[in-house]
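Residue numbers (the working numbering): 2 to 340. Quick notes on the structure that follows.
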Amino acid sequence: MENKINLNLDYLGALKQAPFLIRELKKIIPDLKIDAYTGDYTSSDPIGKDILLNDLKHEGISSDKIEIFQSSWENRKKSFDVLLNVNEKNSELFPTKEINLWIDPLKFEKRKLLNKEEINDLKEKYKIGSEKIVLTGSILEWEYETILNGTKKFLEQKPKSKIIVAPREPPKSTLRFFSNNCQFQFNSDKEATEHSRYLVITELGVLEKLYSICDIAVVGDTFNGGSGQNPLEPAFYGKRIISGIFNCNNVKAYDGLTKSGLLKRISSNSLEEELLKEIPEDEITIYRENAKKFIESKQGAAKVYAEFIKQSLEETLTMREFQYKRWNLYQTFKSEFSI
């Protein structure tokens, strides 16, 4: 019987962490076949396959024995987990083992960062010159006004700066807001120049790479309510991070990065003040080292997940043992990562 699992990636956050689990699975189960099911996210285009293939390639992970499908909206499981359906036997006599794996621990996993040449290529692609870059990542529609007010005042005092806006909302709502409130350009504009002060990114799945070209990262889904965008992506690049005070996801990440000094949590009316602060480089260096140690201390979830899946596929566990270990796994990670 072949080793095969279904990997259900209902939303973009799960899709972006999948390569780190797949990497460990391929190490310990070389013959494993994976059927990955991606959602449509915020786009009507079936881009999940392209994002996953590009991320696997970037990490140096072979896509051999991986089939990628787009799930219909009706068939998607409304879940904030990476959902794995581990198929031991394709038979009614041997029921599918379903494993819900939290994605928060996977966000700490070691990853390949862009090198200097790749970062320069990215700057050229988005027409970034020598200006100071503030990147507002995965901001929601109800945060637009907060972001715009704070960054406009910042630009008045720091005119040789640029604001990159990577919204989570569909481009139509983004276009409507920014066209009414400021001069901006889209990343797809052929006439875009490096003198434009606002650059709006409409591509999906590129945010973690964009953090490599910024000086300050403003993390969205944290102002005026919100569940909290992943703050670890800019932290891997050692970027100074600003966020609002709201989050129910990524709890350990926010707590640890705040304690490290690299992330500062602020109220929505303090964005301009925080952006204008000048922090000495030797101080930032200490914060970066603190953050690096914190992130490394939380790595290893992908290996634990992969070993559990391997045991399940090899049938070394009875159903009762499987259920007990699955429960224990959940409790361990729930406690460790405050999920």
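Glycine included, every Cβ here is placed at the ideal spot set by N, Cα and C.
In or out: Arg177 buried (at least 16 other Cβ within 10 Å) or exposed? exposed
For Phe21, collect the residues of the same chain with a Cβ closer than 6 Å to its Cβ; drop the 5 residues on either side in sequence, then sort them by chain order. Leu107, Glu110, Ala303
If you run the structure through DSSP and keep just helix, strand and coil, what is Gly49? helix
So Asn188 and Tyr145 are supposed to be a Cβ contact under 8 Å. How far apart are they, rounded? Between Tyr145 and Asn188 the Cβ distance is about 17 Å, and since that is not below 8 Å, they are no contact.
Output the distance between the C-alpha atoms of Glu132 and Asp51, rounded to the nearest integer angstrom. 31 Å
Name the two residues that bound the continuous beta strand (DSSP E) containing Lys133. 133 to 140
Beta carbon of Asp56 nearer than 8 Å to that of Ser139: no
Spatial neighbours of Glu142 within its chain, please: CB distance less than 6 Å, with the 5 preceding and 5 following residues excluded, ordered by chain position. Glu170, Ser174
Roughly how many whole angstroms lie between the Cα atoms of Ser268 and Ser63? 44 Å
Starting from Asp36, trace the beta strand (DSSP E) both ways and give me its first and last residue. 34 to 39
Selection from Lys5, Ser261, Asp256 that minimises the alpha carbon distance to Gly229: Asp256
Under the three-state reduction of DSSP, which class applies to Val305: helix, strand or coil? helix
Out of curiosity, what's the CA-to-CA distance linking Leu94 and Gly226? Reliability fails at Leu94, whose pLDDT of 42 lies under 50, so the model's placement of it is uncertain and the value that follows must be treated cautiously. Going from the Cα of Leu94 to the Cα of Gly226 covers about 47 Å.
Element boundaries [beta strand (DSSP E), containing Pro168]: 162 to 168
In DSSP terms, what Tyr199 is bridged to: Ile164
Using 10 angstroms around the beta-carbon of Asn121, count the other beta-carbons present and answer buried if the total reaches 16, otherwise exposed. exposed
Suppose you measure from the CA of Ile6 to the CA of Leu33; what does that come to, to the nearest Å? 8 Å
Three-pair Cβ contact test at 8 Å for the region 290 to 297 versus the region 7 to 20: no
Would you kindly report the start and end of the unbroken beta strand (DSSP E) that includes Leu114? It is not in any beta strand (DSSP E) - Leu114 carries neither H nor E in the DSSP assignment.
Beta-carbon proximity check, Ile246 vs Ile217, cutoff 8 Å: no
Leu10 to Thr39, Cα distance in whole Å? 5 Å
Taking Trp328 as part of the alpha helix (DSSP H), name the residues at either end of that continuous run. 320 to 338
Short check: CB of Glu60 to CB of Lys113, under 8 Å? yes
Return helix, strand or coil for Ile104, following the three-state DSSP convention. coil
Quick check on DSSP: helix, strand or coil for Ser72? coil
Is the separation between the beta-carbon of Gly49 and that of Asn231 shorter than 8 Å? no
First and last residue of the uninterrupted alpha helix (DSSP H) at Lys1: The requested residue 1 does not occur in the structure, where the chain is confined to residues 2 to 340.
Which two residues bound the contiguous beta strand (DSSP E) that contains Ser271? Counting along the chain, Ser271 falls outside any beta strand (DSSP E), and DSSP gives it neither H nor E.
Hey, could you find the ends of the alpha helix (DSSP H) Ser346 is sitting in? A query on residue 346 cannot be resolved here, the shown segment of the chain reaching from 2 to 340 and no further.
Got a sec? Which residues, its chain only, sit under 6 Å from Leu272 by beta carbon, not counting five neighbours each side? Gly151
To the nearest angstrom, how far is it from the Cα of Val305 to the Cα of Glu234? 22 Å
C-alpha distance - Thr147 paired with Ile287, whole-angstrom precision: 30 Å
Measuring alpha carbon to alpha carbon, tell me which residue in Lys161, Arg24, Pro31, Ile165 is nearest Lys58. Arg24
Nearest neighbour of Ile164, chosen from Leu102, Gly206, Tyr212, Leu8 [CA to CA]: Tyr212
Among the candidates Asp36, Thr317, Lys299, Thr319, whose CA atom is the shortest distance from the CA of Thr333? Lys299
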